[in-house]
Amino acid sequence: SNINLNRRHLGYNFEERIQQRHQSFVVTADNRHIISTGYWDKSFRVQNTDIAKITQVLYGHFDIVTCVGRSEVTIAGNCFLATGSRDCTVCIWIWNDTKGAIVDREYSNQEINPSPAAILTGHDREITCLWISAELGIVLSGSEQSLVLQHTLNGDILRSFENPSKISTPRLLSPSNDGDIIVCYDRSKLCLYTLNGKLMRQAIFEDETIQCMVLKVGRQYTLIGGDLGFVQIIRTHDLQPVY
Numbered sequence: 007s008n009i010n011l012n013r014r015h016l017g018y019n020f021e022e023r024i025q026q027r028h029q030s031f032v033v034t035a036d037n038r039h040i041i042s043t044g045y046w047d048k049s050f051r052v053q054n055t056d057i058a059k060i061t062q063v064l065y066g067h068f069d070i071v072t073c074v075g076r077s078e079v080t081i082a083g084n085c086f087l088a089t090g091s092r093d094c095t096v097c098i099w100i101w102n103d104t105k106g107a108i109v110d111r112e113y114s115n116q117e118i119n120p121s122p123a124a125i126l127t128g129h130d131r132e133i134t135c136l137w138i139s140a141e142l143g144i145v146l147s148g149s150e151q152s153l154v155l156q157h158t159l160n161g162d163i164l165r166s167f168e169n170p171s172k173i174s175t176p177r178l179l180s181p182s183n184d185g186d187i188i189v190c191y192d193r194s195k196l197c198l199y200t201l202n203g204k205l206m207r208q209a210i211f212e213d214e215t216i217q218c219m220v221l222k223v224g225r226q227y228t229l230i231g232g233d234l235g236f237v238q239i240i241r242t243h244d245l246q247p248v249y
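So the number in this note's numbering is just where the residue sits in the sequence shown, counting from 1, plus 6.
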């Protein structure tokens with residue numbers, strides 16, 4: 007049938023031990039490229055959605071890439087990408103929207119084997135989630151059974167966020183309306199922090215595992231989706247459901 011003819015895929019080289027999830031992929035602002043992670047050869051890849059072709063295979067980590075995040079578009083029309091890995095580091099990359107490719111910071115015309123613009127250190131376990139902002143000039147990253155760290159885009163570490171439990175794993179990160187941050191730990195614990203890392207509120211949604219969080223326009227409300235197929239709307243400022 008025509009449905010089968012139009013199916014496209016991202017390849018067969020995913021590491022079988024890696025579970026593909028919300029932060030395994032990101033789409034560029036123009037929706038023309040998908041950046042995917044989780045490949046066994048420690049790469050991450052750029053695919054053109056118009057022609058279903060992989061246009062870049064990039065290497066910057068010493069272990070499997072586990073997650074990716076994208077900043078908002080800058081005045082120049084470009085953006086930053088952040089990739090996290092099992093090697094406990096985060097790499098910052100420059101996406102050139104005109105070229106439709108990741109380019110080297112020092113040599114902007116170099117699209118083959120570009121180097122990371124910065125390498126962020128400080129974690130001692132696998133990176134599990136990322137959030138990056140060009141406007142604020144910061145990167146947030148979480149690692150397995152550990153802390154959320156805040157870095158500058160140049161790689162300087164600023165602070166760590168208080169973990170509500172020493173063995174909790176941060177899995178999802180989302181910004182709120184006034185610069186606060188929502189972190190999802192383990193299956194379903196949500197924590198609201200200030201941008202300075204102060205823990206303000208906690209809420210636990212025990213019925214299911216939260217798989218993704220999306221902030222609505224205005225960011226007064228947050229949508230959370232779980233493995234049972236339900237979507238809930240919660241108020242961002244107090245993490246309580248809207249009925």
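C-beta atoms are modelled at their ideal positions from N, C-alpha and C, and glycine is treated no differently.
Note that the structure is a prediction, hence the values are computed from the model and not measured.
For residue i, three-class secondary structure by DSSP
i	result
Gln29	helix
His157	strand
Pro247	strand
Cys85	strand
Trp101	strand
Phe68	coil
Gly232	strand
Phe50	strand
Cys94	coil
Arg111	coil
Leu221	strand
Reference residue i, options the options, closest by Cα
i	options	result
Asp162	Arg177, Ala123 and Tyr191	Ala123
Ile60	Lys172, Ser174 and Thr43	Thr43
Thr34	Phe50, Val79 and His67	Val79
Gly235	Arg241, Glu214, Asp36 and Lys48	Glu214
Gln29	Val71, Gln151, Gln62 and Met206	Val71
Ser49	Asp36, Ile108, Ala140 and His67	His67
Beta-carbon proximity list for residue i, same chain, < 6 Å, skipping 5 on both sides
i	result
Leu87	Arg76, Trp99 and Trp101
Leu136	Cys73, Gly75, Ala88, Gly90 and Ser147
Ile216	Cys190, Ser194, Ile230 and Gly232
Arg177	Thr134, Cys135 and Cys190
Asn160	Ala124
Ser121	Asp110
Gly203	Arg165 and Phe167
Ser180	Ile188, Met219 and Leu221
Same chain, Cβ closer than 8 Å to residue i, neighbours up to 5 away in sequence not counted
i	result
Gly185	Leu142, Thr200 and Leu201
Glu112	Ser121
Asp103	Thr34, Ala35, Asp36, Val79, Gly83, Asn84 and Cys85
Distance, residue j Cα to residue i Cα
i	j	result
Arg153	Ile81	For the sequence presented, residue 153 should be read as Leu rather than Arg. Looking at the two C-alpha atoms, the distance is approximately 32 Å.
Gln238	Pro247	7 Å
Ser20	Thr95	Note that residue 20 corresponds to Phe in the displayed sequence, not to Ser. Approximately 20 Å, taken between the alpha carbons.
Ile41	Ile138	15 Å
Thr158	Tyr65	22 Å
Asp47	Phe211	36 Å
Tyr227	Gln208	16 Å
Supposed close pair residue i, residue j - CB separation, criterion 8 Å
i	j	result
Ser55	Arg38	This sequence places Thr at residue 55; Ser is not what is there. Rounded, the Cβ-Cβ distance is 6 Å, consistent with contact.
Ser205	Pro170	Sequence inspection shows Leu at residue 205; the Ser mentioned does not correspond to that position. About 7 Å separates the two Cβ atoms, so the contact holds.
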